[in-house]
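K.L.:
My questions will all concern the structure given below.
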Amino acid sequence: MSARILDGRMIGRAIRNRIKVHVDELFRVAGVIPGLAVILIGEDPASRVNVTNKMKACPDVGIRSTLIEHAKDVPAEFLVENIRRLNDDPATHGILVQLPLPPHHDVRAVLHAISVERDVDGFHLYNVGGLVVGDTIFSPCTPFGVMRILDHAGLPIEGRNVTMVGASAIVGKPMALMMMQRDATVAVCHAKTRDLAEYTILADVLVVAAGVLNLILPQMVRTGAVVIDVGINRSPDGRLVGDVNFEGISQKASYITPVPGGVGPMTVTMLLANTVSAARRYVERTRGPSIFLQDVTQLALQGR
Ligand code: GUN
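Its first residue numbered 19, the sequence shown is counted upward by one per residue in the numbering used here.
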């Protein structure tokens, strides 16, 4: 078997074209340009690359983005005060603090300062808790992007065995909850899991977000499985690769996401969708519900 490639760039482009329609409508109806504030603290090179990718995508759909940089030792009160100001800024509809923060910062305190209505990363407690009952304002972008990839390809989730490798708050845990919401049977594995292969071999859909090069080998994957690789690593020969052995697993899986060009572009696309949704919610809050098209986040979830 040779797996079909789930092309996140292509799927992302299709969704971004639809997002653009909503951005144009926001301006036509309300004179509003969606605004995203991106906060980068410290000098982590990977975070800077991530932030650059996110900001570069914004003008393509008509979002105005602003980068706010702080030194790694910025005082917590200053940071929180800055976020509170952005919460009240009529031109800022989404706020994102790039993670991880430098070690001495209290991540929870920083994330909790972002108002739920501007939490386009889906990290606010309301949005995190909402995943349990399937009722968030904004879903976290990476798991949201994975769902969108599966839906776009018409791959069923209900009743399937899903194994999630990685239990981070950003990807693994929300991904597991989103899969449960769609009636999958979900196993969550992490660094302390014994006998990882016993879980991965059961998976109809295997999602891997562990950040470990070559963690998943072909013999750990069921023939015909759908394999979603969220990992990003540098191989010894300098290539960007995921957590799964792509060459070997492509011979066994039915579908697989490449790295790069799989989940990464979808994470950015869902951030754009959430930001435009936040701008629309802002207009509705301040001026009352009006004649908008369908909610852009819902729209991004539907159709192929
Ligand atoms: N660091 C790694 N992934 C993410 C993400 O989705 N959002 C933010 N803010 N930081 C990240």
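The beta-carbon is built from N, C-alpha and C at its ideal position, and this holds for glycine as well. Quick caveat, the model's predicted, so the values are computed rather than measured.
With H, G and I counted as helix, E and B as strand and the rest as coil, what does DSSP make of ARG322?
P.N.:
A caution first: ARG322 carries a pLDDT of 46, below 50, which makes its placement in the model unreliable, though a value can still be read off. Three-state result, ARG322: coil.
K.L.:
Are the segment 138-157 and the segment 170-181 in contact at 8 Å, needing three or more beta carbon pairs?
P.N.:
Touching, no, given that fewer than three Cβ pairs across the two stretches are closer than 8 Å.
K.L.:
Go through the segment 102-190 residue by residue and report every complete run of the alpha helix (DSSP H) that reaches 4 residues or more, in order.
P.N.:
List check, alpha helix (DSSP H) in window: 125-131, 143-151, 159-170.
K.L.:
Below 8 Å on the Cβ atoms is my guess for VAL183 versus CYS159; work out the distance and round it to an integer in Å.
P.N.:
About 19 Å separates the two Cβ atoms, so there is no contact after all.
K.L.:
Could you pull the DSSP bridge partners for LEU231 from this structure?
P.N.:
DSSP, once it has assigned bridges, lists no residue as partnering LEU231.
K.L.:
Could you tell me the alpha carbon to alpha carbon distance between ALA99 and VAL138, rounded to whole angstroms?
P.N.:
In the sequence under discussion, the amino acid at residue 99 is Glu, which differs from the Ala named in the question. In a straight line, the C-alpha of GLU99 is about 19 Å away from that of VAL138.
K.L.:
Spatial neighbours of GLY260 within its chain, please: C-beta separation below 6 Å, excluding the five flanking residues on both sides.
P.N.:
Only ASP247, GLY249, VAL277 meet the Cβ criterion.
K.L.:
Whose C-beta lies closer than 6 Å to the C-beta of THR110 among residues of the same chain, with five residues either side of it excluded?
P.N.:
If we look at THR110 and ignore the five residues flanking it on each side, its Cβ neighbours are GLY53, ALA55, LEU104.
K.L.:
Just to confirm, does LEU149 get its C-beta within under 7 Å of one of the non-hydrogen atoms of the ligand GUN?
P.N.:
No, Cβ of LEU149 sits at least 7 Å from all heavy atoms of the ligand GUN.
K.L.:
Ordered along the chain, which non-local residues of its own chain (more than five positions away) have a Cβ less than 7 Å from that of GLY279?
P.N.:
Result list for GLY279: ASP25, GLY26, ARG27, in chain order.
K.L.:
Compute the distance between the beta-carbons of ILE37 and VAL79, then report whether it is under 8 Å.
P.N.:
Taking 8 Å as the Cβ cut-off, ILE37 and VAL79 qualify as a contacting pair.
K.L.:
Mind checking which residues open and close the alpha helix (DSSP H) that includes SER65?
P.N.:
Unbroken alpha helix (DSSP H) run through SER65: 63-79.
K.L.:
Tell me whether the beta-carbon of VAL262 lies closer than 8 Å to the beta-carbon of ILE234.
P.N.:
Result yes, Cβ atoms of VAL262 and ILE234 sit closer than 8 Å.
K.L.:
Using 7 Å as the cut-off, classify the Cβ of ASN179 as near or not near the heavy atoms of the ligand GUN, replying yes or no.
P.N.:
No; taking the cut-off as 7 Å, the Cβ of ASN179 has no heavy atom of the ligand GUN nearer than that.
K.L.:
Excluding five sequence neighbours on each side, which residues of the same chain lie with their C-beta closer than 8 Å to the C-beta of GLY266?
P.N.:
Cβ within range, chain order: LEU235, PRO236.
K.L.:
Got a sec: is the Cβ-Cβ distance from MET165 to anything in chain B below 8 Å?
P.N.:
No chain B is part of this structure, which consists of one protein chain only.
K.L.:
Taking 6 Å as the limit between beta carbons, can you name the residues of its chain near ARG322, skipping five residues before and five after?
P.N.:
Legend: pLDDT at ARG322 = 46, less than 50; position of this residue unreliable, value from coordinates given subsequently. Once the five neighbours on either side are set aside, the close Cβ partners of ARG322 are HIS170.
K.L.:
Determine which residues share a DSSP beta bridge with ILE267 and list them.
P.N.:
Answer by DSSP bridge pairing: none, since ILE267 is not bridged.
K.L.:
Rounded to whole angstroms, what's the CA-CA distance from ILE57 to THR241? Just pull it up for me.
P.N.:
Near 43 Å, if we compare the C-alpha coordinates of THR241 and ILE57.
K.L.:
What are the residues that DSSP puts in a beta bridge with ASN251?
P.N.:
Answer by DSSP bridge pairing, in chain order: VAL259.
K.L.:
For LEU258, collect the residues of the same chain with a Cβ closer than 7 Å to its Cβ; drop the 5 residues on either side in sequence, then sort them by chain order.
P.N.:
Same-chain partners within the cutoff: ILE250, ARG252, VAL277, PRO278.
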